[in-house]
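Engineer: Using the numbering used here, you'd call the opening residue of the sequence shown number 15 and step up by one each time. Below: one structure in structure tokens.
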Amino acid sequence: MLKIAFIAHDRKKDEMVNFVTAYEHVFEGHQLYSTGTTGQRIMEGTNLKIHRFMSGPLGGDQQIGALVAENEMDLIIFLRDPLMAQPHEPDINALLRLSDVQGIPLATNIATAEILVKALDRGDFAWRELVHKYKPGAEI
């Protein structure tokens, strides 16, 4: 079971709901997280249960970032709107940087998200289980 986060800027929320609906069968059985409104919209459009954090501008990106910093997140789908300025841009950049530091796969557009989800469906994320198994403090 992997920990997967969904984040979508306002003009990308419909696209996120459609994407998650199309791949609902892949996401079933995983621990799912999201920022507030995105998670609510996904739950309304699917049968998935999602742990919702605050809205992104209110700290939800940072809450997900805290899991990333602890290497507790396995995959992030963050549909960003590159044509709209975001008031919490520093939080977004921090999340992207932390994902790079920890080697967490992160898709920022639908094309990359689809590639990652197809890899997830094939079982190509087994390496993340090793990350959890061998991280400091884990029982071997």
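Each residue gets a CB set at the ideal place from its N, CA and C atoms; glycine is no exception. Just so it is clear, the structure is predicted and the values come from calculations on it, not from any experiment.
Please classify P96 as buried or exposed, where buried requires at least 16 neighbouring CB atoms within 10 angstroms.
Structural biologist: Residue mapping note: residue 96 aligns to position 82 of the sequence shown, counting from 1. With fewer than 16 other beta carbons inside 10 angstroms of its own, P96 counts as exposed.
Engineer: Where do the ends of the alpha helix (DSSP H) carrying L81 lie?
Structural biologist: Indexing the sequence shown from 1 puts residue 81 at position 67. Its alpha helix (DSSP H) spans residues 74 to 83.
Engineer: Taking buried to mean at least 16 other C-beta atoms within 10 Å of its own C-beta, is P104 buried or exposed?
Structural biologist: Position 90 of the sequence shown, counted from the start, is the residue given in the question as residue 104. Exposed, because fewer than 16 other Cβ atoms sit within 10 Å of the Cβ of P104.
Engineer: Should the stretch 18 to 30 be regarded as contacting the stretch 41 to 59, the criterion being three or more beta carbon pairs within less than 8 Å?
Structural biologist: yes
Engineer: Please list the terminal residues of the continuous alpha helix (DSSP H) segment that includes Q100.
Structural biologist: Taking the first residue of the sequence shown as 1, we reach residue 100 at position 86. Careful: Q100 lies outside any alpha helix (DSSP H) and carries neither H nor E.
Engineer: Report the option in Q45, I78, D24 whose CA atom is closest to the CA atom of M98.
Structural biologist: For the purposes of this step, residue 98 is taken as residue 84 along the sequence shown, with counting starting at 1. Out of Q45, I78, D24, D24 has the C-alpha closest to the C-alpha of M98.
Engineer: Determine the contact status of L130 and G79, defining contact as a CB-CB distance below 7 Å.
Structural biologist: Position 116 of the sequence shown, counting from 1, holds the residue named residue 130. Position 65 of the sequence shown, counting from 1, holds the residue named residue 79. The answer is no: Cβ separation not under 7 Å.
Engineer: Residues in the same chain with beta-carbon distance under 7 Å from S69, minus the five sequence neighbours each way, listed in chain order, please.
Structural biologist: The residue labelled residue 69 in the question sits at position 55 within the sequence shown. Result list for S69: T49, G50, T51, in chain order.
Engineer: If you reduce the DSSP assignment to three classes, tell me which class I64 lands in.
Structural biologist: In the sequence shown, residue 64 corresponds to position 50, counting from 1. When secondary structure is reduced to three states using DSSP, I64 falls in the coil class, being assigned neither helix nor strand.
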